[in-house]
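Notes for the one structure printed next.
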Amino acid sequence: MLQRIPHTTAVMAIMAAFAFLISPSAWAAGDPDELLDSLTAEEEAKVISLIDEGQQKYDDGEFQQALDIFNELYNIFPHPDVNYRVALCYERLGEDEMAVQHYRQFLEQVPDAEERGRVEGTIATLERRIGDASSTLRVETFPIGAQIFVDDPDTAPVGETPQSIQLAPGESYELIVKKEGYETMQRTVSVARGENTVMQLTMIEDGGAPAEVGGVSRWKPVGSVVMVGAGGVALFQARGHRSKYHEIKDTSSTRPIEDRDVMIREKNLAKGMGALGGATLLGAAAFTTWWIVGRRSEATRQFGLTPQPHGFSFVVSSQF
12 MLQRIPHTTA
22 VMAIMAAFAF
32 LISPSAWAAG
42 DPDELLDSLT
52 AEEEAKVISL
62 IDEGQQKYDD
72 GEFQQALDIF
82 NELYNIFPHP
92 DVNYRVALCY
102 ERLGEDEMAV
112 QHYRQFLEQV
122 PDAEERGRVE
132 GTIATLERRI
142 GDASSTLRVE
152 TFPIGAQIFV
162 DDPDTAPVGE
172 TPQSIQLAPG
182 ESYELIVKKE
192 GYETMQRTVS
202 VARGENTVMQ
212 LTMIEDGGAP
222 AEVGGVSRWK
232 PVGSVVMVGA
242 GGVALFQARG
252 HRSKYHEIKD
262 TSSTRPIEDR
272 DVMIREKNLA
282 KGMGALGGAT
292 LLGAAAFTTW
302 WIVGRRSEAT
312 RQFGLTPQPH
322 GFSFVVSSQF
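According to my numbering, the sequence shown is numbered sequentially starting from 12.
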C-alpha cells in the first residue's frame with residue numbers, strides 16, 4: 012500500500028518544481044497546502060510525478076505530450092502555474108487562440124503576478140499574430156460562473172462565464188459548459204472570420220426541468236399567443252365602440268345634445284382600440300417570425316437579461 016508523502020515534503024517538492032516559472036504571488040491564488048489537503052496519498056505522488064514528467068517532455072520539445080500531461084495534472088491539481096504551463100504548450104504548438112485564453116485565465120487567477128507585464132506582452136504579440144483571422148465567441152450563462160471547455164472536457168477550462176474566447180474561423184468546435192449542481196451543456200459552434208458572436212445558455216439544475224424545449228424557450232410561444240389574444244380583444248372592443256358611434260351619429264337629430272359628447276368619446280375609443288389592436292397583432296407577427304427564424308442561429312440570438320459579474324444587462328438582438 013502506497014504510504015502518504017509527508018505534507019511538508021510534498022509542498023516543498025511542488026514549489027521547487029514550480030519556482031523557476033512563476034513568482035511567489037501565484038501561490039496566493041493557489042496555495043499548495045490547501046490543494047494538497049484534498050488529495051489522497053496516491054494523488055499527491057501522481058502530482059509530483061506529472062510535474063516532473065510534463066516538464067521533461069516540454070524541455071525535450073514534445074509539446075503535445077507535455078500539454079496532455081499538464082491537462083491531466085490540472086484536473087487533479089488546479090494551480091495557476093499548471094494553467095500557465097498549458098498556455099506555454101499551446102503557444103509552442105502554434106495554437107495562439109488557446110494560448111491567449113489560458114494566459115488570460117492565469118492573469119485572472121493571479122492579478123498581482125510579478126510577471127504580469129511579460130505575460131501581457133506575450134498576449135499582445137499573439138493577438139497581433141492572430142489579427143483579423145480570429146473570431147470571438149462570448150459565452151454567457153445563467154447563473155454565471157460555469158467553466159468553459161473547448162472540444163475536450165478533460166482539459167483545463169479556458170475560463171468561466173461570462174467569458175469571451177477566440178476561435179479560428181471556419182472550423183467547428185464542441186463547446187462544453189459545466190457548473191457544479193447543474194447539467195453539463197454541450198453545443199457545436201462555428202464562427203465566421205472577424206465575427207463576434209454571443210452564446211447565451213440557461214443552466215439546468217441536476218434533475219430539474221429544462222428551461223428550453225427543442226431550442227425554443229417556453230415563454231416564446233406563450234408570449235405570441237398572449238399578444239394575439241390581447242390584439243384580438245382590442246379590435247373586438249374597437250368594433251363595439253365604432254358601432255356605438257355610428258348608432259349615435261345616425262340618430263343624432265333625435266338625441267339630446269349630451270349624446271354628442273358620448274359620440275365623440277366612442278369615436279376616439281374606436282380609433283384608439285383599433286390602433287392598439289393592430290399594433291399588438293403586428294408585434295405578435297414580428298415576434299413570432301423572430302423566434303422561429305432566429306432559432307436557426309441559436310449562438311447569435313439574444314433576448315432578455317444577460318448575466319454580468321456585477322449585475323445584469325438587457326439585450327435584444329438576433330440574426331436572420
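Each residue gets a CB set at the ideal place from its N, CA and C atoms; glycine is no exception. No experiment lies behind these values; they were computed from the predicted model shown.
Per-residue burial, residue 235 [other beta carbons within 10 Å of its own, 16 or more giving buried]: For this step, residue 235 is matched to residue 224 along the sequence shown. Buried, since its Cβ has 16 or more Cβ neighbours within 10 Å.
Just list the residues that DSSP pairs residue 334 with in beta bridges. Residue 334 cannot be examined here, being either before or after the span of the chain that is shown, 12 to 331.
Residue ranges of each alpha helix (DSSP H) run of no fewer than 4 residues wholly in the stretch 58-101, ordered along the chain? 74-87
Proximity of residue 242 and residue 292 at Cβ, strictly below 7 Å: In the sequence shown, counting from the first residue as 1, residue 242 sits at position 231. In the sequence shown, counting from the first residue as 1, residue 292 sits at position 281. Yes, Cβ-Cβ distance for residue 242 and residue 292 is below 7 Å.
Going by CA-CA distance only, name the one from 55, 155, 60 and 95 that's closest to residue 131. Counted from its first residue, the sequence shown places residue 131 at position 120. For the residues 55, 155, 60 and 95, the minimum Cα distance to residue 131 belongs to 95.
Could you say if the stretch 182-189 and the stretch 146-160 meet the contact criterion of at least three C-beta pairs nearer than 8 Å? yes
Let me know the secondary structure DSSP gives residue 9 once reduced to three states. The requested residue 9 is not part of the displayed model; the chain covers only 12 to 331.
Have a look at the DSSP bridge pairing and note the partners of residue 196. For this step, residue 196 is matched to residue 185 along the sequence shown. BP columns for residue 196 point to 188.
Buried versus exposed call for residue 171 [16 or more other C-beta atoms within 10 Å across all chains shown]: As a working note, residue 171 is residue 160 in the sequence shown. Buried, since its Cβ has 16 or more Cβ neighbours within 10 Å.
Residue 237, buried or exposed, once every other Cβ within 10 Å from all chains shown has been counted against 16: As a position in the sequence shown, residue 237 is number 226, starting the count at 1. It is exposed - the Cβ of residue 237 has fewer than 16 other Cβ atoms within 10 Å.
Can you list, in chain order, the residues of its chain whose CB lies under 8 Å from that of residue 199, leaving out five sequence neighbours each side? In the sequence shown, the residue the question calls residue 199 occupies position 188. 183, 184, 185 and 186.
Residue closest to residue 56, alpha-carbon to alpha-carbon, out of 79, 72 and 88: Position 45 of the sequence shown holds residue 56. Residue 56 has its Cα closest to that of 88, out of 79, 72 and 88.
Take residue 255 and list the residues in its own chain whose beta-carbon comes closer than 7 Å to its own, dropping the five residues that flank it on each side. Taking the first residue of the sequence shown as position 1, residue 255 is located at position 244. Here the set comprises 277.
Within the same chain, show all residues whose beta-carbon is closer than 7 Å to that of residue 299, passing over the 5 residues directly before and after it, in chain order. Position 288 of the sequence shown, counting from 1, holds the residue named residue 299. Contacts found: 235.
Cβ atoms of residue 97 and residue 81: under 7 Å apart, would you say? The residue given as residue 81 occupies position 70 in the sequence shown. The residue given as residue 97 occupies position 86 in the sequence shown. Yes. Within cutoff.
Report yes if the CB atom of residue 126 is closer than 7 Å to the CB atom of residue 211, and no otherwise. In the sequence shown, counting from the first residue as 1, residue 126 sits at position 115. In the sequence shown, counting from the first residue as 1, residue 211 sits at position 200. Contact: no.
Please identify the residue among 272, 290 and 208 whose C-alpha is closest to the C-alpha of residue 246. Residue mapping note: residue 246 aligns to position 235 of the sequence shown, counting from 1. If we check each option's Cα against that of residue 246, 290 comes out closest.
In this structure, how does DSSP classify residue 133 when only helix, strand and coil are distinguished? Numbered from 1 along the sequence shown, position 122 holds the residue referred to as residue 133. Three-state DSSP puts residue 133 in a helix.
What is the residue span of the alpha helix (DSSP H) that residue 4 lies within? Not covered by the structure: residue 4. The range shown for the chain is 12 to 331.
Would DSSP call residue 300 helix, strand or coil? As a position in the sequence shown, residue 300 is number 289, starting the count at 1. In this structure, residue 300 counts as helix in the three-state DSSP scheme.
Candidates 163, 173 and 251: closest to residue 155 by CA position: The residue you call residue 155 lines up with position 144 of the sequence shown. It is 173 whose Cα lies nearest to the Cα of residue 155.
Measuring straight from C-alpha to C-alpha, what distance separates residue 319 and residue 288? Taking the first residue of the sequence shown as 1, we reach residue 319 at position 308. Taking the first residue of the sequence shown as 1, we reach residue 288 at position 277. Annotation note: pLDDT 48 at residue 319 (below 50); position unreliable, coordinate value reported separately. One C-alpha to the other measures close to 37 Å.
Where does residue 37 fall in DSSP's three states? Position 26 of the sequence shown, counted from the first residue, corresponds to residue 37. Residue placement at residue 37 is poorly supported in this model, since its pLDDT is 48, which falls under 50; the coordinates are not used for a value here.
Between residue 173 and chain D, is there a C-beta pair that is closer than 7 Å? Of the chains in the structure shown, none is chain D; there is only one protein chain.
Over what stretch of residues does the beta strand (DSSP E) that includes residue 148 continue unbroken? The residue you call residue 148 lines up with position 137 of the sequence shown. That run of the beta strand (DSSP E) goes 146-153.
Residue 65 to residue 134 span [Cα, whole Å]: Here residue 65 refers to the residue found at position 54 of the sequence shown. Here residue 134 refers to the residue found at position 123 of the sequence shown. C-alpha separation (whole angstroms): 23 Å.
Distance between beta carbons of residue 295 and residue 239, contact taken as under 8 Å: The residue labelled residue 239 in the question sits at position 228 within the sequence shown. The residue labelled residue 295 in the question sits at position 284 within the sequence shown. Confirmed, Cβ separation roughly 5 Å.
For residue 165, which residues of its own chain have a beta-carbon under 8 Å away from its beta-carbon, when the five flanking residues on both sides are left out? Taking the first residue of the sequence shown as 1, we reach residue 165 at position 154. Hits under 8 Å: 82, 83 and 86.
Spatial distance of residue 71 from residue 153 (CA atoms): Numbered from its first residue, the sequence shown carries residue 71 at position 60. Numbered from its first residue, the sequence shown carries residue 153 at position 142. Going by the C-alpha atoms only, they are around 43 Å apart.
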